[in-house]
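Colleague:
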Amino acid sequence: MKIVKLFLPVILLVFVGCSSVKVATDYDTKVDFNQYKTFAFYKTGIDKAAISDLDKKRIMRAIEAELLAKGMAKSETPDVLVSLFTKFRERINITDNNYGYGYGYGWGWNPWMWNGANRLNVNQYTEGTLFLDIIDAKKKELIWQGIGTGALRMSNVEKKEERIKEFVREIMAKYPPGAAKK
């Protein structure tokens, strides 16, 4: 029981760490983001994304919901265009659960330790990166980019949709720049 209490924080950290989305942003510091009130999707850029049309729709719906919640409006003559790009790679996570005891007696190596506590856990997963670009519609210049990276869990449609919403929510929390500080 003491061992479980000792390693519970580590176990929780592993599970929480796997579910998070790491976010980075970059933007043009000379731009006044308060001037942008309307948006549309940049179809040319979105068509190039190497994901299914269903996932593109899921991402676009999530982006639209986030921008509408920020007070922006969808428009045929937008102030900004929203584009997206994706990358994927296979990752391997190796965890060494050597918690220092085994069967037998005495100190040092003994043959009964083979059934003991030295266990390696190997998990293979797909890591995805979602790039969201905000482009000034008049100048056709990139003014903001948000990048979210995290593990992808695609066991069913509902979980996939929730994970996509989580990615977009975490990235869009950083738009516009300085909004989180207010």
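Using mature numbering (1 follows the signal peptide of the UniProt record, and there is no 0), the letters of the sequence shown map in sequence onto residues -24 to -1, 1 to 158.
The beta-carbon is built from N, C-alpha and C at its ideal position, and this holds for glycine as well.
Judging by CA-CA distance, which residue of Glu146, Lys150, Ile110 and Glu66 is the nearest neighbour of Lys19?
Modeller: Proximity to Lys19 across Glu146, Lys150, Ile110 and Glu66 peaks at Ile110, based on C-alpha coordinates.
Colleague: Could you check which residue in Asn10, Lys(-3), Thr71 and Ser(-5) has the C-alpha nearest to that of Gly154?
Modeller: Asn10
Colleague: What are the boundary residues of the beta strand (DSSP E) that includes Glu52?
Modeller: Under the DSSP assignment, Glu52 falls outside any beta strand (DSSP E); it carries neither an H nor an E label.
Colleague: Among residues of its own chain, excluding the 5 on either side of Lys141, which ones have a beta-carbon nearer than 6 Å to its beta-carbon?
Modeller: Ala38
Colleague: Tell me, which residues are paired with Ile111 by DSSP?
Modeller: Leu57 and Leu118
Colleague: Going straight from the alpha carbon of Val(-21) to that of Ile22, what length do you get?
Modeller: Only weak support exists for where Val(-21) lies, its pLDDT of 39 falling under 50; the coordinates are left without a value.
Colleague: Answer yes or no: do Pro152 and Lys6 have a C-beta to C-beta separation smaller than 9 Å?
Modeller: no
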